[in-house]
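Below you'll find the structure, written out as structure tokens, and then a few comments.
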Amino acid sequence: MKKKETSRIQSAEMKFLGSMLGKTRRDRIRNVEIRRTLDMTSMEQQMIERRLRWYVKRMDRERIPGKMYEMEMAGRRPKGRPRHRYRDTIKNDVHRKVGNWELGRKRGPREIQ
Numbered sequence: 001m002k003k004k005e006t007s008r009i010q011s012a013e014m015k016f017l018g019s020m021l022g023k024t025r026r027d028r029i030r031n032v033e034i035r036r037t038l039d040m041t042s043m044e045q046q047m048i049e050r051r052l053r054w055y056v057k058r059m060d061r062e063r064i065p066g067k068m069y070e071m072e073m074a075g076r077r078p079k080g081r082p083r084h085r086y087r088d089t090i091k092n093d094v095h096r097k098v099g100n101w102e103l104g105r106k107r108g109p110r111e112i113q
């Protein structure tokens with residue numbers, strides 16, 4: 001997801017959460033305080049956790065989905081900047097959440113979430 005989309009989702013989320021508390025933007029309460037009061041995590045963090053929960057790379061590499069994920073296509077790539085792929089998104093999520101994929105694999109799926 002792009003930064004612009006993430007920003008829009010976060011602003012809508014904070015508007016909804018603030019209205020649950022009866023607060024508006026004029027009250028100038030920080031997002032962290034609103035989340036702490038409601039004991040909630042951000043939508044972005046929830047999306048990262050859900051992406052990692054069903055991530056194909058956590059599978060055994062001998063299974064067919066794991067092989068398909070690791071497979072590289074033959075041939076030339078199109079001109080221009082490479083597109084942002086699902087694989088790139090997961091890689092960024094893992095580095096943000098765990099830091100090292102192999103360490104996360106040893107910890108197990110429950111600790112990554």
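So for the sequence shown, UniProt numbering puts the first residue at 1; every next one is plus one.
Just so it is clear, CB atoms sit at the ideal spot from N, CA and C, and this is done for glycine as well.
From a predicted model like this one, the values you see are computed outputs, not experimental measurements.
- Message: According to DSSP, is M59 part of a helix, a strand, or is it coil?
- Response: In the sequence shown, residue 59 corresponds to position 59, counting from 1. If DSSP states are grouped into helix, strand and coil, M59 belongs with coil.
- Along the chain, where does the alpha helix (DSSP H) that runs through P65 open and close? The sequence position of residue 65 within the sequence shown is 65, counting from 1. P65 -> alpha helix (DSSP H) spans I64 to E70.
- Nearest-angstrom Cβ-Cβ length linking R87 and I48, presumed shorter than 8 Å: By one-based count along the sequence shown, residue 87 stands at place 87. By one-based count along the sequence shown, residue 48 stands at place 48. About 15 Å separates the two Cβ atoms, so there is no contact after all.
- Item | Identity of the residue in P65, R50 and M14 nearest E33 by Cα | Residue 33 sits at position 33 when you count from the first residue of the sequence shown. Per the Cα distances, M14.
- Query: Mind checking whether R50 and T41 have CB atoms under 8 Å apart?
  - Reply: For the purposes of this step, residue 50 is taken as residue 50 along the sequence shown, with counting starting at 1. For the purposes of this step, residue 41 is taken as residue 41 along the sequence shown, with counting starting at 1. For R50 and T41, no; Cβs fall outside 8 Å.
- Task: Would you tell me roughly how many angstroms separate the C-alpha atoms of A74 and L17, rounded to the nearest one?
- Result: Counted from its first residue, the sequence shown places residue 74 at position 74. Counted from its first residue, the sequence shown places residue 17 at position 17. Their backbone Cα atoms lie some 48 Å apart in a straight line.
- Query: If you draw a straight line from the alpha carbon of K2 to that of H84, how long is it in whole angstroms?
  - Reply: As a working mapping, residue 2 is identified with position 2 in the sequence shown. As a working mapping, residue 84 is identified with position 84 in the sequence shown. Using only the alpha carbons, I get a separation of about 10 Å.
- Which two residues bound the contiguous alpha helix (DSSP H) that contains T6? For the purposes of this step, residue 6 is identified with residue 6 of the sequence shown, where counting begins at 1. Counting along the chain, the alpha helix (DSSP H) containing T6 begins and ends at K3 to L21.
- K91, enclosing alpha helix (DSSP H) - first and last residue: In the sequence shown, residue 91 corresponds to position 91, counting from 1. Here the alpha helix (DSSP H) through K91 covers Y86 to K97.
- Item | P65 to I90 span [Cα, whole Å] | Working through the sequence shown from its first residue, we reach residue 65 at position 65. Working through the sequence shown from its first residue, we reach residue 90 at position 90. Spanning the two alpha carbons is a distance of roughly 15 Å.
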